[in-house]
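Trainee: Note that the protein sequences, when read in sequence, are chains A and B. Under the working numbering, the residue at position 456 of the first sequence is numbered 456, and the numbers go up by one with no gaps. Under the working numbering, the residue at position 275 of the second sequence is numbered 275, and the numbers go up by one with no gaps. Take a look at this one; I'll ask things after.
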Amino acid sequence: VSHPEHLLWLLLLPILYLLARPVRPKRTETTPHLAQWRRALARIGRRPVRLRWLRLLLLVVAFLAGVLALTGPTLGGRAGPRELVVLLDTSASMAAGGAYAAARARLAALVDALPEHIAVRLALCGRDVAMRRGARGDLLADLPAPAGEGRIDLGALAAATEQESIAVWTLTDALGATRAPQRGALTVVGEPQDNFALTSLEALDHWPLARVQLRVAVANFAAAERALTLAVEGAEHPDVAVTVAPGATAVRTLELQRGSGGPVRVFLRGHGDALALDDSVAVRLPPPPSPDIAVLADAEAGPEIRAAAAALAAECGGRVIEGSAAERAGFLLVEGGRLPRGGPHPRSVTFGTRFGDGALGPGDLVEQPLVVDWDRGDAVTAGLDLSELVVDLALRPEHLLSGRTLLSAGHGPLAVRAGDPGAPSIQTAFRLSDSNFALLPAFPQFLRRAYVAAWSAGARAEPDPTNLASAAESDLRRRAGAATDRPLPAFAEPGRSLAGLLLAVALAALVARLYA
Amino acid sequence: VSGPFEPGFRELLRQILRRAPRIRAARDPRPRARRRQTAASGTFAGHRAYSPGDDLRQLDWNAFARSGELFLKVLEEEDRRTLTLCVDRTASMATGDPERWRGALRLAAILGGLALVRLDGVQVITAPDRRARFEGPRALPRLLGWLERERVGAQDAAELMRTALEQAGGTICWLSDFAAPELARPALHAVRRAARRCTGWLPQLASDRNPAAAGWLRLRDPESGAEEVVLVDAELRAAMAEELRLLARQQDAVFAEAGLTLVRFPLPAQGDFRLASWFDAARAVRL
């Protein structure tokens, strides 16, 4: 019986009895002529209305036979699995030494040889599991190439899938991160080989500055020392020679300049490699922000502001432009003067600049304010030493924008951070020429941090998600767990179906019921 | 449910009895002294041919010796002018609308009343152990009271008639539905052998001619308790009407075989006490 759930239809048997019961008239008449009524019924060929047990029995027989036919009863045949689930290892290690091609050939041969009544499902086990079912011709069409780390626990999957009616067959190389399952049929393809690989990639991006560091690990999964070459594609960098001891890993840091951004690939060159998928890693560098740094300074400004702009442009790979082109600049440095009341330019640092049209009176200035403290939690001023800062003349706090106070004096804030948090402006109440700020060691760091904070919402270098970078997957030297082939079990063979016979019995019972 | 003899019926009965002298059949021109009836003992009146089932004690062996044929001696004795009412009290009588049993009791009251007025008396028998004799017009209330107390029950037709033949005299009026005519045949043949006058009275209902209305119907036999469920339609109604006609013919045939008469009296509706509705009963009486 293949579908015992259809036996639930037998619960309808009482309904058959209820339907077979004779009508219960509401009217009852007592009559001395019952014999005449019976003869009248016989005269016109009618039978008395009553529960006819033979007709009910024949109906029940027909119903039982029909229900049993639905359950798919068979006679003979052989018990065993009626379905095959193939776990095909598609991890990157299968690409080594033609293991994947061998696995596909074995799979195709078996699928062709299986009887039609055996259902086949194909589970592609790579980074995750992709299940295929349907026509056998479609199962093997457009199989994906091996890629990624074998993260699927084939043993657990096989144990969870295998049932009395479901056979599991695993095709794997049992290399790298993959473990051969302990249950179900097993076919191991491929052989252990020597390999070298880039097993990790770490990008240290100083964006929006031009400097980028790529830290890569080179592993040698062989019994002999390897002399390898690290090369970079997509950025200017000389080749790096790397010698790696047997079974060891060497870490190298590559210093790159961002340039215009885009993909950068680091790859290994050498002899005696079994797997090409793990010989390169890629990272996408974000493009740099607008490299123009504009300077606006009034007549009283000293040379410090321009020198600071030039130093910053050199560090981020940009250039200094005139303040008249400040609208397209990526960063703006202003000393003194007056700007429109609409607020500061985003991504700017102003030194002693006023906003609005009002005239400056003696009461608007503070002479020799005493620097009290600075914000040690803000990214711009954290860790800086501003204790030597001396200010001769500063604007009163009323001339500062509202925002986070970065630098405090006895009378109030001396510097604030205002505007959009993603593109902030930093305003100081004093000019560079009225202080010794430009002479402090902390000043270049202040400017650099202000520039980085101005582009804080920018991107970071993103490693390519297709990078293998897995030491476990690239190690092709050893077999993981038991790797002995196990044959497939004997599949079920269908017996002779009794459904037709039961349906014939049901039909015969119904026909007999017509004459009962 | 009130009894069968409501005030309306009692008034009707009085009207019928007042008109009794004018009822032709109730007037018997023969002198009372000449009324005779064949009986088991008495004066020899003649011979009649033997029929199977006749009492062998009445065979005239001398006549057999003379002629070689079997003859019975017919004896004649003076008979008091009485009427014997045998009322069928089987359960089948308690059917129909109006109930046949109530109609039979009323018919018995009319017949008994006429007998009390015109004859010497009346005997009423509903069972071998349930019989009563009434004489004179003044006995009419007692007759009605006795009939009123009667209830339907088990009864054997042959036993009833044997009791009537042995224990009562005069004309026998047998009130029954004769639903099973074959069961009445032995009793009627016994009457014929005893050379007694007997008239069958069948209180007839509308359902004795026309079957029930259409629709699903459960039919129950009151005596056996057997039931049948039928779907009454035009076809079945026609077949049943034919069966009822056959039954009527069987009833007539059974009486005719015994040389007796069966009178069908259509029962008026319940509460119909008009003289015209009941007058046929009185006219059909031959005392």
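The beta-carbon is built from N, C-alpha and C at its ideal position, and this holds for glycine as well.
1) Take residue 425 of chain A as the anchor and find which of A:432, A:281 and A:416 has the nearest alpha-carbon.
2) Using a cut-off of 8 Å between C-beta atoms, extract the partners of residue 78 of chain A located in chain B.
3) Mark residue 496 of chain A as exposed unless 16 or more other C-beta atoms lie within 10 angstroms of its C-beta, in which case mark it buried.
4) Note down, in chain order, all residues in the region 28-42 of chain A with a beta-carbon under 7 Å from any beta-carbon belonging to chain B.
5) Go ahead and pull the three-state DSSP assignment for residue 255 of chain A.
6) Apart from the five residues on each side of it in sequence, which residues of its chain come closer than 6 Å, Cβ to Cβ, to residue 204 of chain A?
7) Against chain B, does residue 1 of chain A count as a neighbour if the rule is that its beta carbon must be under 8 Å from one of theirs?
8) Please state whether DSSP places residue 374 of chain A in a helix, a strand or coil.
9) Quick one, are the C-beta atoms of residue 275 of chain A and residue 195 of chain A less than 8 Å apart?
10) Whose CA, out of A:180, A:282 and A:355, lies closest to the CA of residue 200 of chain A?
11) Tell me where the beta strand (DSSP E) around residue 131 of chain A begins and ends.
12) Are residue 270 of chain A and residue 229 of chain A close, meaning C-beta to C-beta below 8 Å?
13) Just tell me which of A:87, A:335, A:294 and A:452 has its CA closest to the CA of residue 319 of chain A.
14) Who are the Cβ neighbours of residue 325 of chain A in its own chain at under 8 Å, not counting the five residues just before and after it?
15) Would you mind telling me which residues of chain A sit closer than 7 Å to residue 95 of chain B, beta carbon to beta carbon, in chain order?
16) Could you work out which residue in A:28, A:356 and A:119 is closest to residue 221 of chain B when comparing CA atoms only?
17) Using a Cβ cut-off of 8 Å, pull out every chain B residue sitting near residue 166 of chain A, in sequence order please.
18) Relative to the C-alpha of residue 58 of chain B, which candidate in B:71, B:81, B:67 and B:52 has its C-alpha closest?
19) Residue 55 of chain B CB to nearest chain A CB: under 8 Å?
20) Would you call the region 396-409 of chain A and the region 435-445 of chain A touching, i.e. three or more CB-CB distances under 8 Å?
21) Relative to chain A, which residues along the region 212-228 of chain B have a C-beta separation below 9 Å, given in chain order?
22) So which of A:396, A:90, A:173 and A:138 has the shortest CA-CA distance to residue 362 of chain A?
23) Determine the DSSP secondary structure at residue 39 of chain B, reduced to helix, strand or coil.
24) In the region 235-263 of chain B, which residues sit with their C-beta less than 9 Å from some C-beta in chain A, listed in chain order?
25) How far does the alpha helix (DSSP H) with residue 505 of chain A in it reach, from first residue to last?
26) For the candidate residues A:498, A:504, A:168 and A:410, whose alpha-carbon lies nearest to that of residue 84 of chain A?
27) Beta strand (DSSP E) containing residue 231 of chain B: first to last residue?
28) Quick one: list the residues of chain A neighbouring residue 303 of chain B, beta-carbon separation under 7 Å, in chain order.
29) Return helix, strand or coil for residue 207 of chain A, following the three-state DSSP convention.
30) Under 7 Å Cβ-Cβ, which residues of chain A neighbour residue 177 of chain B?
31) Find out if the Cβ-Cβ distance for the pair residue 179 of chain A, residue 155 of chain A is shorter than 8 Å.
32) State the DSSP-derived secondary structure class of residue 163 of chain B, mapped to helix, strand or coil.
33) Counting along the chain, where does the alpha helix (DSSP H) carrying residue 101 of chain B start and finish?
34) List the endpoints of the continuous beta strand (DSSP E) containing residue 348 of chain A.
35) Counting only Cβ-Cβ distances shorter than 8 Å, please list the residues of the region 43-72 of chain A near chain B, keeping chain order.
36) Express the C-alpha separation of residue 197 of chain B and residue 164 of chain B in angstroms, rounding to a whole number.
Mentor: So, from the listed chains and residues:
1) A:416
2) Near residue 78 of chain A there are no residues of chain B at all, since even the closest Cβ is about 56 Å away, more than 8 Å.
3) exposed
4) 28, 29, 30, 31, 32, 33, 34, 36, 37, 38, 39, 40 and 41
5) strand
6) 213
7) no
8) strand
9) yes
10) A:282
11) 129-133
12) yes
13) A:294
14) 292 and 294
15) 30, 31 and 32
16) A:28
17) Those do not exist, as residue 166 of chain A stays about 57 Å from chain B at its closest Cβ, beyond 8 Å.
18) B:71
19) no
20) no
21) 212, 213, 215, 216, 217, 218, 219, 220, 221, 222, 223, 224, 226, 227 and 228
22) A:396
23) Residue placement at residue 39 of chain B is flagged as unreliable, the pLDDT there being 48, under the threshold of 50; a coordinate-derived value is accordingly withheld.
24) 235, 236, 237, 238, 239, 240, 241, 242, 243, 244, 246 and 247
25) 499-515
26) A:168
27) 227-232
28) Absent from the structure is residue 303 of chain B, since the part of chain B shown begins at 1 and ends at 287.
29) coil
30) 32
31) yes
32) helix
33) 100-118
34) 348-351
35) 43, 44, 46, 48, 49 and 50
36) 12 Å
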